[in-house]
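Here's the structure, in structure tokens; my notes come after.
Protein chains in written order, with my numbering: chain A, 1 to 660; chain B, 661 to 1320.
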């Protein structure tokens, strides 16, 4: 039996299983799966160097199924091959019987690719479209960094290629000359609601790819020879990054399920029987039986990746002195963003898993201190102004065992919230650092300010992640010592973290002896009358308010809640020690620290009075941090009056001015 | 004096003002502004048909400055022309003196374009990059809908064009043949952190644009004649959408401020004097004085847009009967997403300001009922799988007086959170409807589920918007009657709203006599022992739990909190009537309804016990809504046990099964 015939027969076998599996589930996307039967066969039974007994093998060629809804065709191959599924520590062969449980609550065969639910073949959860090629680029970057002969294949839908992120990924692939990544566009011409736009036709996609600088092979996606020739060209190592544009048929082999109206619709009962008949009829021209000689799955050339090297972390002073930045410390004043940059440089030298990614603002986030260090620059990736791609590239790096830190303005991190959540679902060990957080950047105005970010990341942290504990930690350091240490702590933790740093230079509040922990908080002043809870830049404004409160005879406590979630018991003790009076001061919209404190206070059934002070208007520009705080009613004078009012103490018209 | 000389002289005049203004502010992006001196002059003093005395005139040609940080060059033109600034009801001429207050807290000359802070010339707040061209496309769509001879100009940075959204907008412009929109790429070759990628070179950008199907004019952006010829070609009405790729110099005319390292850095003191000297030297070759004949600003051909027609809204039954959907109602069971689709169709017929936009899921959101109505289809825009572009296009439509509804899965709305926040900052009258919210869609798994969405939109609502009241309302209907009515209420409200609807068919809870309001809530059962607070799909699960609670002798109250924010006093009264015992049941991560209730409870200083029941694991697929609720510990049995435990009542191992 010829190679072509073998591929054809196998494709029909996989298509049959895909149709049946979706029929059982009563949902799924069989027609999309059928458009990939031949491509999947050529990839998984021949071109990809992998080990079905160990589908998570880190050195094997990888497949990122960006159009995640096509996953039944992959599950079909697994059942056909008896490849292993289940949790990494309890793998078992996938059987045809498993397919009957597709999409069930306890099945590892999830509705869309979901590596952490028992399918280690995949590196990333996909299904929210347009993200896979960036993940593939991250895997390709890591492979090159580890000098690994590894190929990364990525299957993208034609309709999906409307997502701008696909084109951010293409630019990134060219920028970084990632010829070990192969984008395969599955052009079946149909989206969910109807035909795809002419802008996503195979001709147009090919023209766009060529204009971007890729070498493009346009083929018939159901012609085994054409597919194999293109995959061979890729295997030969093209001079420039290449892509495959494959013309395919949605519902290939099953005329009764072709055309619009069949997206995400399984055939059941008689319709399924009819579909299976049509499909088998497609295969009758084939003769002979398939032999191993036709389709062979080869293992990767090596089974091991280089071992990571992690040494003892450096201290802030040690790091500053090592790179002649000692003066930074002597002034006892340093912005949290600079402390992050210094910590990144130190981390880079003690932990070679650490990568730094930035989006054209490395000179604002100070990721440049990592980027410009000759020993580290190979682990820095300039992602340009394309935040979505940056986050998904980092998810790919994380899947390859790296510890990527993505930095940009907190406001621009918003651009990639969907990508961040998908990375979280993938269990990616990803660190996100947003600079210029809150309002203290002032002059550039609201288009550069992050305001609902604490609420969103806190929400992620309310769920348990795949490695246990909060699915995401939100860290909000108030000074250089805490920012430096928290940057290190993120690398020591396996899981997603978001750290929020600020633009202004701020006084030191801590020193080398202060201990910081996930869930911890630091009490800066212990009083009896009222507990002021704050974090980040606002801790300094609260500090200023303390003098004013003291002048009014108010004995206030101040706690720096640099971690969300935090130790609720500890906070409630502090609140009780202060007569149950709490004021929460933040430089963001609601839903952040105030909500966290309120939630803690209502669980116990005790009576507390908690007053919020957060941004309650859409800010505009102001020349200085002081001006913007005044504009938003959050300066130290406002804090003094609010606390006084809460305690029923009248303040003179002009509350005592506090020297700054 | 020739046209060229006049443009050149004027550009130097504007550049001088831009340099000086940034020097005064001590911040801003003068070098970017200087790369646009000649282009701005040709646009604002000649090509654009507008009225400096009425810069917000809705029929005038529009300029969207996508690279918002270049705004000083626009402010310079305003001061030079004495064009009007300030709030719409209190306009005054802009003076050179105003420029000295650039970026001050009370200045209408904000750090980035900010129409709602006193600069009506702009339609959209920009500064978070990559969004402007989509806004321009929305303005172009509205102009065509109103049969208006209006041209929309959009200036995009080269580095900015790395954002995928720019290419989503380009595809949209071709799809909708928007030849009234002119993208102008400002290729000065420099980003913030350094030179732009070769992928953003003028050659590459031009090649990409041509591959996308645009007619491209590549010009010297400092050559008045070349600029004018290109703008004339656009004015002549090109056969296909066109674009200008302009080679420019960042810091044009000021060698001492050219090259990397000058992004966002103003020259001050001696450096400013030197820069101004260099700049004036550039102009010495010019002779003669400028006369009006050289540069003339023409008004638009018409001063009025068609008046909107808004009639009395239809009721649910009336609408259903009108389109032979009466059976939908007779079953007394209808999904909230279908009720939304029906409401959209009804709204479309009674309010011609209403537009519907969808992202390739109109057959899931039921926006198709609007799209397929021959009377409405011209006001439907299929945005394909590109959510960022959809939201910003809608912001453009809103700026033109339309009331756009954007629908897609709530999960995919996340893709556009940055665009949504910028639209909010623009004061856009935008309605966002997310379907398949929460976990009840079950089988497709977490890649399709919206989980932190309530926390994020609630955070936006904690700020006061430009039209007063919450900057964004979050609406979460539990049945068809509420979904239908809330869809209408959104159109009656000027401001941003987010409505969360679900996939499953659900029983009616209300009828034509039920009244729904922003901030309102509906009490479904009044008891004495415990208050169950819920919204959306979970109200039905709580309803099921009531029987189980009754069997345990628990007299529970159930309130449907379909609006965030809500009437806190009302909720506290209900809580007090139930012994201060509250359980909040949600199908999303934390930070949503529970936080809102907790916040209300801690303001007063009374003692309450509030228990959260929300999603606390990353969900996976399940075959049915019941299966996923069980997987997440949120089914009616869990609710019964949680409430019982809270009240110290022991439940039998198998709590009473409640028939469904």
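C-beta atoms are modelled at their ideal positions from N, C-alpha and C, and glycine is treated no differently. Here the structure is a predicted model, which means the values were calculated and not measured.
Q | Contact check, residue 594 of chain A vs residue 562 of chain A, beta carbons under 9 Å | A | no
Q: Output, in sequence order along the chain, the residues in the stretch 833 to 855 of chain B whose CB is closer than 9 Å to any CB in chain A.
A: Residues of the stretch 833 to 855 of chain B with a C-beta atom less than 9 Å from some C-beta of chain A are 834, 835, 851, 852, 853, 854, listed in chain order.
Q | Burial state of residue 910 of chain B, where buried means 16 or more other Cβ atoms lie within 10 Å | A | buried
Q: Pull up the DSSP beta-bridge partners for residue 404 of chain A, would you.
A: According to DSSP, which records beta bridges pairwise, residue 404 of chain A is partnered with A/355.
**Q.** Partners in chain A for residue 1082 of chain B, counting only beta-carbon separations shorter than 7 Å
**A.** One finds 447 in chain A with Cβ atoms closer than 7 Å to the Cβ of residue 1082 of chain B, taken in chain order.
Q) Can you find a C-beta in chain A that's less than 9 Å from the C-beta of residue 1216 of chain B? A) no
Q: Would you mind working out which of A/505, A/604, A/42 sits nearest residue 332 of chain A, comparing C-alpha positions?
A: Checked all of A/505, A/604, A/42; the closest Cα to residue 332 of chain A is A/505.
Q: Determine the direct distance from the alpha carbon of residue 30 of chain A to that of residue 23 of chain A, and round the result to whole angstroms.
A: 9 Å
Q: Closer than 9 Å, Cβ to Cβ, to anything on chain A: give me those residues from the stretch 684 to 696 of chain B, in chain order.
A: 685, 686, 687, 688
Q.
Rounded to whole angstroms, what is the Cα-Cα separation between residue 1077 of chain B and residue 1251 of chain B?
A. 17 Å
**Q.** CB contact below 9 Å: residue 1262 of chain B versus chain A
**A.** yes
**Q.** C-beta contact flag for residue 616 of chain A and residue 601 of chain A at 9 Å
**A.** In this structure, residue 601 of chain A does not lie closer than 9 Å to residue 616 of chain A by Cβ.
Q. Does the beta carbon of residue 1307 of chain B come closer than 9 Å to any beta carbon on chain A?
A. no
Q.
I'd like the list of long-range same chain contacts for residue 91 of chain A, defined as Cβ closer than 6 Å, with 5 residues on each side in sequence excluded.
A. For residue 91 of chain A, same chain residues with a beta-carbon under 6 Å away, outside a window of 5 residues either side, are 84 in chain order.
**Q.** Three-state secondary structure (DSSP) of residue 1272 of chain B
**A.** strand
Q.
As an exercise, report each continuous alpha helix (DSSP H) stretch of at least 4 residues that is fully enclosed by the stretch 687 to 721 of chain B, in chain order.
A. 690 to 694, 697 to 702
Q: Could you check how far apart the C-beta atoms of residue 546 of chain A and residue 531 of chain A are, in whole angstroms? I think they sit under 8 Å.
A: Actually they do not touch by this definition, with Cβ atoms about 12 Å apart.
Q. If you draw a straight line from the C-alpha of residue 1047 of chain B to the C-alpha of residue 1081 of chain B, how long is it?
A. For the pair residue 1047 of chain B and residue 1081 of chain B, the Cα-to-Cα distance works out to about 14 Å.
Q) Span of the beta strand (DSSP E) holding residue 910 of chain B? A) It is not in any beta strand (DSSP E) - residue 910 of chain B carries neither H nor E in the DSSP assignment.
Q) Which chain B residues are close to residue 411 of chain A, counting only those with a beta carbon under 7 Å from its beta carbon? A) 788
Q: Determine the direct distance from the alpha carbon of residue 1072 of chain B to that of residue 666 of chain B, and round the result to whole angstroms.
A: 50 Å
**Q.** CA-to-CA distance, residue 1267 of chain B to residue 162 of chain A, given in whole angstroms
**A.** The alpha-carbon atoms of residue 162 of chain A and residue 1267 of chain B are separated by roughly 53 Å.
Q: Report all residues from its chain with a CB closer than 6 Å to the CB of residue 756 of chain B; omit the five preceding and five following residues, and keep chain order.
A: 739
Q. How many angstroms separate the CA atom of residue 1307 of chain B from the CA atom of residue 1044 of chain B?
A. 51 Å
Q) Can you find at least 3 beta carbon pairs, one from the stretch 1058 to 1075 of chain B and one from the stretch 1001 to 1021 of chain B, that sit closer than 8 Å? A) They touch, by the three-pair rule.
Q: Taking only runs that begin and end inside the stretch 831 to 897 of chain B, name each unbroken alpha helix (DSSP H) of 4 or more residues, in chain order.
A: 862 to 872, 884 to 895
Q: Could you list which residues in chain A have their beta carbon closer than 8 Å to that of residue 1219 of chain B, in chain order?
A: Within chain A, no residue has its beta carbon less than 8 Å from that of residue 1219 of chain B; the closest one is some 17 Å off.
Q: Alpha carbon to alpha carbon, how far is residue 481 of chain A from residue 509 of chain A? Give it in angstroms, no decimals.
A: Roughly 8 Å separates the two Cα atoms.
Q: List the residues of chain A that residue 1185 of chain B touches, going by C-beta distances under 7 Å, in chain order.
A: Going along chain A, no residue has its Cβ under 7 Å from residue 1185 of chain B, so there is no contact; the nearest lies around 22 Å.
(Q) One question on the structure: do residue 133 of chain A and residue 169 of chain A come within less than 9 Å of each other, judged by their Cβ atoms? (A) Yes; because the gap between Cβ atoms is below 9 Å, this pair is in contact.
Q. Roughly how many whole angstroms lie between the Cα atoms of residue 670 of chain A and residue 127 of chain A?
A. It is not possible to answer for residue 670 of chain A, since the shown part of chain A is limited to 1 through 660.
Q | Boundaries of the alpha helix (DSSP H) in which residue 1114 of chain B is found, first to last residue | A | 1113 to 1120
Q. What residues in its chain sit with their C-beta under 7 Å from that of residue 1286 of chain B, if we drop five residues either side in the sequence?
A. 1295
Q. Applying a beta-carbon distance threshold of less than 8 Å, which residues of chain A neighbour residue 1268 of chain B?
A. Correct list: 602, 605.
Q: Using a Cβ cut-off of 7 Å, pull out every chain B residue sitting near residue 414 of chain A, in sequence order please.
A: 1077, 1078, 1081
Q: Please work out which residues of its chain come closer than 7 Å, Cβ to Cβ, to residue 737 of chain B, disregarding the five sequence neighbours upstream and downstream, and give them in chain order.
A: 674, 700, 704
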